[in-house]
Amino acid sequence: MPLDPQLAAMLEFLASAGYPPLHEGTPEAARRGFRAMSVDLVKPEDVVPVGSAEEVDVAGRAGRLYRPEGDAGPVLVYFHGGGFVIGDLDTHDQSCRRFCRDAEVSVLSVDYRLAPEHPFPAGVEDALAAVRWAVENLDVEQVAVGGDSAGANLATICAQELPELVSAQVLVYPTVHPFGDYPSRTENATGYFLEQPTMEWFFGHYTGGGEPLEDDVRLSPLLADLTGLAPALVVTAELDPLRDEGEAYAAKLAEAGVAVDTVRYDAMIHGFLDMGPFSPAAAAAVDDLVARTRKLLHR
9 MPLDPQLAAM
19 LEFLASAGYP
29 PLHEGTPEAA
39 RRGFRAMSVD
49 LVKPEDVVPV
59 GSAEEVDVAG
69 RAGRLYRPEG
79 DAGPVLVYFH
89 GGGFVIGDLD
99 THDQSCRRFC
109 RDAEVSVLSV
119 DYRLAPEHPF
129 PAGVEDALAA
139 VRWAVENLDV
149 EQVAVGGDSA
159 GANLATICAQ
169 ELPELVSAQV
179 LVYPTVHPFG
189 DYPSRTENAT
199 GYFLEQPTME
209 WFFGHYTGGG
219 EPLEDDVRLS
229 PLLADLTGLA
239 PALVVTAELD
249 PLRDEGEAYA
259 AKLAEAGVAV
269 DTVRYDAMIH
279 GFLDMGPFSP
289 AAAAAVDDLV
299 ARTRKLLHR
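The sequence shown begins at 9 in our numbering and counts up one residue at a time.
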């Protein structure tokens, strides 16, 4: 399908604003730009209401714990996207609130360390520590993991390394095989928000500019043995360069006997989770995604 018209208009507006691409700037500039798009545009009256939201210390890292009205439900430990370089608790505040309110779960958002100041495997270490902290400190029977893009990469690794602790996985357009060769990386390489040079910029910062082993499953969780993992929701977008590797991961989960709900949202691009205010179609996709999350976590 062609790109959703409202998202096309948003991309045209961003292009006309004259800002350089992320990969032509510094991490600091990229972080400021991301916050301007995702935090500064949220009006107080548009903040999604939840039962409570409190700042917590999560194994030495900043965290934010959202609880719904009524029963706290299971906990979703959530890792934000941003290529392992940008993003924070605030950039994903609205998304975490949506999951909390509409999926009726508690959400623990984790401010893991970012590259290039803290390259791989710092983010992995923080993610694993956060899941262990949630199990040890939150009085719940189920602890699930989730995230979008780079955050979904961290979630998959937690599910693989801590299968005895993780009850479910919510993986939104995950990056799971950065060294892989997939048609969507070529078909959607430019013009759809996340572009190939930007992905290379992110990954170069994350790996410290070195030559990481291509078979390291903490970088490419698609290469791991997926037997015995928790049930998963795997979300992809039609016009996302990461589409095919996400769907390959879902297929490999199914082949390993893992229960998996796979959904591709047509006419959507990478990052649509935050684009509901600009596009009714994106808002509808997020509604469906959150409903599927609710079904998975309350099964």
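We put the CB at the ideal spot given by N, CA and C, even for glycine.
Residues that DSSP places opposite residue i in a beta bridge
i: D269; result: L241
i: F87; result: V118, G155
i: D65; result: A70
i: V178; result: G154, L241
i: R75; result: S60
Local conformation of residue i per DSSP, three classes
i: Y27; result: coil
i: D189; result: coil
i: R226; result: coil
i: R307; result: coil
i: K260; result: helix
i: H213; result: helix
i: S46; result: helix
i: G41; result: helix
i: D12; result: coil
i: P288; result: helix
i: D233; result: coil
i: L250; result: coil
i: I94; result: coil
i: P205; result: helix
i: D147; result: coil
Nearest to residue i (by Cα), restricted to the options the options
i: Y200; options: Y214, D248, D96; result: D248
i: V50; options: T99, D65, R307; result: T99
i: R307; options: L241, L73, V118; result: L241
i: E263; options: L162, F286, D233, R272; result: D233
i: P35; options: L261, M283, G212; result: G212
i: T215; options: L297, P186, F21; result: P186
i: P76; options: F87, G91, A67, S60; result: S60
i: A163; options: D134, E246, P28; result: D134
i: D223; options: G188, Q204, N196; result: G188
i: V85; options: M45, S117, E246; result: S117
i: S175; options: R272, G236, V271; result: G236
i: P191; options: R272, L250, V93, F280; result: L250
i: D65; options: I277, D119, E195; result: D119
i: E195; options: R43, I277, G91; result: I277
i: F128; options: V266, D156, L173, L221; result: L221
i: D156; options: E112, A289, A291, D282; result: D282
i: V93; options: R272, V266, T206, K260; result: T206
i: A158; options: G89, D12, F42; result: G89
Cα-Cα separation between residue i and residue j, rounded to whole angstroms
i: N145; j: A130; result: 22 Å
i: D110; j: A299; result: 7 Å
i: A23; j: Q14; result: 14 Å
i: L30; j: G217; result: 17 Å
i: A238; j: G26; result: 44 Å
i: M9; j: A293; result: 15 Å
i: L305; j: P82; result: 7 Å
i: L202; j: F210; result: 11 Å
i: L19; j: P28; result: 13 Å
i: P229; j: V243; result: 16 Å
i: E8; j: V115; result: This structure cannot settle anything about residue 8, because the visible part of the chain is limited to 9 through 307.
i: A258; j: V268; result: 7 Å
i: R40; j: D147; result: 36 Å
i: R105; j: V47; result: 13 Å
i: A275; j: A16; result: 10 Å
i: E208; j: A160; result: 18 Å
i: A291; j: E172; result: 34 Å
i: G91; j: V266; result: 27 Å
i: L261; j: E32; result: 37 Å
i: P285; j: R302; result: 22 Å
i: V153; j: P124; result: 24 Å
i: L227; j: V184; result: 7 Å
i: G78; j: F107; result: 15 Å
i: V113; j: A80; result: 6 Å
i: V132; j: P288; result: 35 Å
Cβ of residue i within 9 Å of any chain C Cβ
i: V225; result: Here there is only one protein chain, and chain C is not present.
Three or more C-beta pairs closer than 8 Å, one from the stretch 40-57 and one from the stretch 65-73: is that the case here? no
Segment contact, 8 Å Cβ cut-off, at least three pairs: the stretch 166-183 with the stretch 243-257:
yes
inquiry  = Taking 8 Å as the cut-off, does the stretch 153-173 touch the stretch 132-145 (at least 3 CB pairs, one atom from each stretch)?
reply    = yes
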